[in-house]
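Take a look at the structure set out below.
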Amino acid sequence: MYTTQFLLRLTKTISVAAIGLMALLVVIGNTTDYFTNYHFVEHVLKMDTTFPDSNIHYRSVHSTFLYHTGYIFIIAMEAFMAFCCNKGSWLLFNNLKSSGAVFHASKNWGVAGILTGIIIWFLGFEVIGGEWFAMWQSRIWNGLGSAERIVTFLVMVLILLQFKEED
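For the sequence shown, our numbering gives the first residue as 1, with consecutive numbering after it.
Structural data, given as structure tokens:
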């Protein structure tokens, strides 16, 4: 019979693996269907679907080069997140039955991946996209709901990972 401690470790491992898989699928989707989400980035930066009488249109960007650069940077960050979380889940899996100190130390890669995800979806989408580029004003190009859902799960798993391990 498995102990509660083992099941909690397994939960942490599977949670980090699930985040790694999500990030990997996002990278695959963004590279194999590049222009679907490229247009999302383009329209958010253009601010062409925000309130027309808004006084913040001076923030809009009108550079194809910057649209591609920003989107490629997002994909690179997502790839880094996928790498960190997948490596982290592998280390956690390999140390499921190790001492508490060894298992706890093997969380670093997963934490780095989750932090990267928070940077992407909270800082990038909610703060920069949502507030600076007023994505919240767009009925068409508004990814705030998806970003919030992802950030919520990332933060919950990050909190779960911080519980100390017992031997």
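Where is the CB? At the ideal position from N, CA and C, for every residue including glycine.
Taking a 10 Å sphere around the C-beta of GLU131, we find fewer than 16 other C-beta atoms and assign the residue as exposed.
Taking each of PRO52, LYS97, CYS84 and GLU42 in turn and checking the Cα distance to GLY70, the smallest one comes out for GLU42. Relative to ALA23, the option among SER106, PHE73, GLY117 and ASP167 whose CA is nearest is GLY117. Along the length of the region 58-113, whole alpha helix (DSSP H) runs at least 4 residues long occupy 64-94 and 100-105, reported in chain order. For TYR38, the closest alpha carbon among the candidates SER63, TYR58, ILE56 and ASP53 is that of SER63. Within a 10 Å sphere around the beta-carbon of THR36 sit fewer than 16 other beta-carbons, which makes this residue exposed. Taken through DSSP and simplified to helix, strand or coil, MET47 comes out as coil.
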